[in-house]
Amino acid sequence: MAKKKNRTRTLLIIIGVAVILLVILGLVGRRFSGPSATRVEVVTVEMRTVTQTVTASGRVQPEVEITISPDVSGEIVQLPVVEGQQVQKGELLARIKSDFYQAQVEQAEAQLSQAKANLAEREANLLLQEQTVKRQRELYEAEVIPLDQYEQSDTQYKIAQANVDAANFNVESAQARLRESREQLRKTALYAPMSGTVSQLDIELGERVTGNELQAGTTVMKVARLDQMELEVEVSENDVVNVALGDTASIEVDAYPDRIFKGVVTEIANSARLQGSTFQEQVTNFPVKVRILDPHNAESRDMGMADAGLVGETPATEDYPSFRPGMSGTVDIFTNTVEEVLSVPIQAVTVRDFNSIRRARRRGQTAESDSTAGDPENAKPEIADGEDLQRMVFAVGEDMKVTATIVETGISDDQFIEIKSGLEAGGRVVNGPYSAVSRELDDGDLVEERTDRPF
Numbered sequence: 109m110a111k112k113k114n115r116t117r118t119l120l121i122i123i124g125v126a127v128i129l130l131v132i133l134g135l136v137g138r139r140f141s142g143p144s145a146t147r148v149e150v151v152t153v154e155m156r157t158v159t160q161t162v163t164a165s166g167r168v169q170p171e172v173e174i175t176i177s178p179d180v181s182g183e184i185v186q187l188p189v190v191e192g193q194q195v196q197k198g199e200l201l202a203r204i205k206s207d208f209y210q211a212q213v214e215q216a217e218a219q220l221s222q223a224k225a226n227l228a229e230r231e232a233n234l235l236l237q238e239q240t241v242k243r244q245r246e247l248y249e250a251e252v253i254p255l256d257q258y259e260q261s262d263t264q265y266k267i268a269q270a271n272v273d274a275a276n277f278n279v280e281s282a283q284a285r286l287r288e289s290r291e292q293l294r295k296t297a298l299y300a301p302m303s304g305t306v307s308q309l310d311i312e313l314g315e316r317v318t319g320n321e322l323q324a325g326t327t328v329m330k331v332a333r334l335d336q337m338e339l340e341v342e343v344s345e346n347d348v349v350n351v352a353l354g355d356t357a358s359i360e361v362d363a364y365p366d367r368i369f370k371g372v373v374t375e376i377a378n379s380a381r382l383q384g385s386t387f388q389e390q391v392t393n394f395p396v397k398v399r400i401l402d403p404h405n406a407e408s409r410d411m412g413m414a415d416a417g418l419v420g421e422t423p424a425t426e427d428y429p430s431f432r433p434g435m436s437g438t439v440d441i442f443t444n445t446v447e448e449v450l451s452v453p454i455q456a457v458t459v460r461d462f463n464s465i466r467r468a469r470r471r472g473q474t475a476e477s478d479s480t481a482g483d484p485e486n487a488k489p490e491i492a493d494g495e496d497l498q499r500m501v502f503a504v505g506e507d508m509k510v511t512a513t514i515v516e517t518g519i520s521d522d523q524f525i526e527i528k529s530g531l532e533a534g535g536r537v538v539n540g541p542y543s544a545v546s547r548e549l550d551d552g553d554l555v556e557e558r559t560d561r562p563f
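Note that the working numbering has the sequence shown beginning at 109, numbered continuously upward.
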């Protein structure tokens with residue numbers, strides 16, 4: 109039994125010694141093998157064409173949409189259109205009950221007739237007074253009647269002239285009232301101001317509407333040109349300064365996920381739209397309108413061509429998309445393009461504290477630099493205590509060591525960013541992983557290139 113225990117103890121001692129030797133060998137091997145290399149993706153600095161884009165979302169709407177509102181009040185007694193119907197310019201859209209306005213016209217006509225009759229009476233009286241004053245003047249000149257009798261007849265003549273002028277004014281006033289009444293009667297019929305589509309219908313037959321000439325009345329319907337559609341998108345205040353009239357754009361409409369449409373910026377708002385109840389929550393956006401250039405809404409387009417006398421100029425095709433007001437879409441506005449410039453992938457550029465990199469370089473100085481530390485001519489400037497945030501890349505040397513390099517950047521697209529200074533064509537920089545570029549890599553670190561692009 110004692111021999112068995114001794115064998116077990118001896119075996120345990122041998123295993124323990126072997127483990128200790130393995131640990132020691134591992135530590136010694138790591139010490140002599142040098143620092144480990146970080147596995148990274150490396151890309152080459154190349155010349156490319158970079159196009160800056162501004163992306164925004166919004167909704168499809170007609171470029172031209174007219175709201176139809178009545179100028180008179182009453183009951184809708186005729187409604188020959190339905191929502192979505194194509195209408196021609198001048199076509200009847202709705203009619204308001206006209207009995208009251210017809211009575212107003214007849215009353216104004218009667219008042220005009222009365223005013224004209226009154227004018228005729230005053231003109232006859234003026235003619236009589238004119239003859240009377242003529243006879244009185246002859247009698248006065250013959251010294252048959254006294255002066256006061258002649259003056260009295262002359263006054264009556266002037267009064268008759270004034271009465272005729274007043275009667276003329278009454279006739280003009282009655283004519284104006286008649287024109288107004290006829291205009292009110294005419295406005296009981298609502299006609300299409302242009303050819304288009306009834307894009308919205310807000311009333312039913314028999315419903316009452318209100319309206320007057322001084323302010324907008326009840327919205328009856330909307331007529332739109334659906335062959336001329338646009339997207340109104342919200343662009344942030346940081347991006348709107350890069351957008352200009354005439355900038356081209358690509359448009360994606362959610363209803364057509366596999367198609368890209370061409371567009372152009374036609375309008376940029378001068379005033380912002382603020383969203384949010386408090387200052388901290390407010391989001392500042394500017395409405396931007398982008399016209400859809402690709403042919404669309406074939407039926408509406410054919411109607412517009414018919415109005416212009418172009419029927420048969422361009423054959424209709426079933427491939428035209430059908431855009432409806434309110435559809436969601438996304439716009440990429442191409443704001444600026446630079447051709448054949450140095451560029452690297454966006455993820456290769458990071459922002460780091462360059463003062464900390466300078467301190468690390470200072471700590472790694474050789475003994476030769478330490479020996480000249482007391483020489484004023486070779487003394488190196490002090491490094492500030494604060495941060496010095498710089499845009500930089502990690503350039504890869506032939507020895508596979510990285511060098512933190514400050515770069516000046518320009519515009520960027522969704523993949524690449526322009527490099528104005530700091531790099532040369534053909535150079536190599538670290539592109540990933542993100543954690544290595546943004547935090548882990550330090551100046552002078554050794555890297556190993558990954559060729560399978562795992563990042």
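Virtual Cβ for every residue (Gly too), placed ideally from N, Cα, C.
As the structure is a computational prediction, the values presented were derived from the model and not from experiment.
C-beta contact flag for residue i and residue j at 8 Å
| i | j | result |
| --- | --- | --- |
| residue 535 | residue 514 | no |
| residue 497 | residue 459 | yes |
| residue 532 | residue 162 | no |
| residue 448 | residue 157 | yes |
| residue 191 | residue 308 | yes |
| residue 210 | residue 293 | yes |
| residue 268 | residue 298 | no |
| residue 357 | residue 446 | no |
| residue 302 | residue 272 | no |
| residue 556 | residue 508 | yes |
| residue 351 | residue 311 | no |
| residue 456 | residue 545 | yes |
| residue 428 | residue 403 | yes |
| residue 550 | residue 511 | no |
| residue 454 | residue 525 | yes |
| residue 179 | residue 320 | yes |
| residue 220 | residue 322 | no |
| residue 168 | residue 361 | yes |
Per DSSP, the bridge partner or partners of residue i
| i | result |
| --- | --- |
| residue 329 | 176 and 309 |
| residue 395 | 342 |
| residue 370 | 358 |
| residue 461 | 497 |
| residue 468 | Beta-bridge pairing links residue 468 to no other residue. |
| residue 317 | 182 |
| residue 450 | 155 |
| residue 375 | 397 |
| residue 170 | 337 |
| residue 445 | 159 |
| residue 383 | 391 |
| residue 440 | 163 and 358 |
| residue 299 | 200 |
| residue 146 | 555 |
| residue 502 | 512 |
| residue 536 | 152 |
| residue 434 | Answer by DSSP bridge pairing: none, since residue 434 is not bridged. |
Supposed contact pair residue j and residue i - C-beta distance, whole angstroms, cut 8 Å
| i | j | result |
| --- | --- | --- |
| residue 341 | residue 202 | That belief does not hold up - the Cβ atoms of residue 341 and residue 202 are roughly 34 Å apart, past 8 Å. |
| residue 502 | residue 452 | Actually they are not in contact, since the Cβ atoms of residue 502 and residue 452 sit about 11 Å apart, beyond 8 Å. |
| residue 437 | residue 339 | 5 Å |
| residue 399 | residue 171 | 7 Å |
| residue 146 | residue 553 | 6 Å |
| residue 149 | residue 540 | 4 Å |
| residue 462 | residue 355 | No, residue 462 and residue 355 are not in contact; Cβ-Cβ is about 36 Å, not under 8 Å. |
| residue 283 | residue 265 | At roughly 27 Å, the Cβ-Cβ gap does not stay under 8 Å, so residue 283 and residue 265 are not in contact. |
| residue 177 | residue 296 | At roughly 14 Å, the Cβ-Cβ gap does not stay under 8 Å, so residue 177 and residue 296 are not in contact. |
| residue 314 | residue 334 | Rounded, the Cβ-Cβ distance is 29 Å, inconsistent with contact. |
| residue 317 | residue 328 | 6 Å |
| residue 155 | residue 353 | With a Cβ gap of about 31 Å, residue 155 and residue 353 do not count as contacting. |
Chain B contact for residue i (CB, 8 Å cutoff)
| i | result |
| --- | --- |
| residue 468 | Protein chains in the displayed structure number just one, and chain B is not present. |
Residue i beta carbon near the ligand ZN (any heavy atom closer than 7 Å)
| i | result |
| --- | --- |
| residue 524 | The model depicted lacks the ligand ZN and carries no ligand whatsoever. |
Exercise for the section: Please list the segments of the beta strand (DSSP E) lying wholly inside the region 178-237, counting only runs of 3 or more residues, in order along the chain. Expected result: You should have 182-186 and 200-204.
Problem - At least three beta-carbon pairs within less than 8 Å, the region 343-352 to the region 200-216 - result: Verdict: no, contact absent.
Exercise for the section: Mind listing, in chain order, the continuous beta strand (DSSP E) runs of no fewer than 3 residues lying wholly within the region 506-532? Expected result: Here the runs fully enclosed are 510-514, 516-520 and 524-529.
Problem - Touching by the beta-carbon criterion (3+ pairs, under 8 Å), the region 270-284 and the region 174-191 - result: Contact between the region 270-284 and the region 174-191 is not established, with fewer than three Cβ pairs separated by less than 8 Å.
Practice task
Indicate whether the contact test is met: 3 or more Cβ pairs, each with one atom in the region 368-387 and one in the region 214-233, closer than 8 Å.
Solution key: Taking 8 Å as the limit for Cβ pairs, the verdict is that the region 214-233 does not touch the region 368-387.
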